[in-house]
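Remarks on the structure that follows.
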Ligand SMILES: NC(=O)c1ccc[n+]([C@@H]2O[C@H](COP(=O)([O-])OP(=O)(O)OC[C@H]3O[C@@H](n4cnc5c(N)ncnc54)[C@H](O)[C@@H]3O)[C@@H](O)[C@H]2O)c1
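Numbering (the numbering used here), first residue to last: 102 to 368.
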């Protein structure tokens, strides 16, 4: 498939995990990708893409900074002649001590700045450029943690719930623009963010326990997110707008009840 031939694409959080896998997939399908991350590892993503014959450039920036996001969008326009697709994916957990009574206003503000204000800024600066090209797509990374409690620290969960609402609001506010805005809500995916869980499980010989709460009984891989993100960005999703799609093996499809399985299917 060459769904993104000639398209100009921004991906934040492209130095690792879901962002890196998505940047690679966009480039593998012909896109010109501006890879952005606060970490220098973004340059390794660019090297991997160019080694595979793709087109990418890298920039170190802060996805929660208004001036950085404005500069990022300007760079995409300057380097690639415009902008067609933006993926606001950079995110932080804010640490695992995220119970309501363990955190403070400062730590909440930082999580909201990166995870929620970051996607807002991307929409604010990317949408007018995408509209100039006659339309395109913005995708934001939310989380199953934004759907209901139980999948992350409190500030993280609130920030991701905000992203789900943001894509709904933005889609409505861009009525008639040709710019679609959607979110993905990953479940447990093996990335830099969750690496400690996987390392611990491997060391303890407990990998069979990871991801057991979803009906597919496993965690996801970044490439499985990239497949959905690139679908949402493509013309295949031309009538899909203002939605938050859970990519979680079915985790969020049920309340936590004991599974009633037919005997032959019981596992
Ligand atoms: N891994 C999971 O299980 C999971 C589940 C649900 C949602 N998510 C979300 O997926 C997105 C991608 O995370 P991931 O799992 O690939 O983790 P990751 O840690 O592998 O990648 C996140 C990237 O974002 C970058 N980043 C963080 N703050 C930034 C900032 N201020 N400016 C620019 N870049 C910044 C990091 O340097 C890193 O490269 C995040 O929004 C995360 O909240 C992940």
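Backbone N, C-alpha and C fix where the C-beta goes; we use that ideal spot for every residue, glycine too.
By Cβ distance, which residues of its chain are closer than 6 angstroms to residue i, with the 5 residues on each side in sequence left out?
i, result
"residue 140", "116"
"residue 102", "130"
Taking residue i as the reference, give the member of the options with the closest Cα.
i, options, result
"residue 127", "143, 142, 107", "107"
"residue 269", "121, 348, 243", "243"
"residue 346", "326, 167, 364", "326"
"residue 195", "189, 188, 231, 204", "204"
"residue 222", "180, 312, 267, 253", "267"
"residue 295", "338, 175, 193", "193"
"residue 284", "344, 300, 309, 172", "344"
"residue 178", "220, 218, 134", "134"
"residue 123", "189, 173, 174", "189"
Tell me the DSSP secondary structure of residue i in three-state form.
i, result
"residue 287", "strand"
"residue 263", "helix"
"residue 243", "coil"
"residue 201", "coil"
"residue 276", "coil"
Please classify residue i: is it buried, with 16 or more other beta-carbons within 10 angstroms of its beta-carbon, or exposed?
i, result
"residue 182", "exposed"
"residue 201", "exposed"
"residue 156", "buried"
"residue 340", "exposed"
"residue 165", "buried"
"residue 118", "buried"
"residue 256", "buried"
"residue 359", "exposed"
Whose C-beta lies closer than 7 angstroms to the C-beta of residue i among residues of the same chain, with five residues either side of it excluded?
i, result
"residue 247", "258, 261, 262, 264, 265, 286"
"residue 316", "350, 351"
"residue 144", "159"
For residue i, which residues in the same chain have their Cβ closer than 8 angstroms to its Cβ, ignoring the five residues on either side in sequence?
i, result
"residue 232", "275, 278, 279, 280"
"residue 125", "146, 149, 150, 153, 155, 327"
"residue 332", "338"
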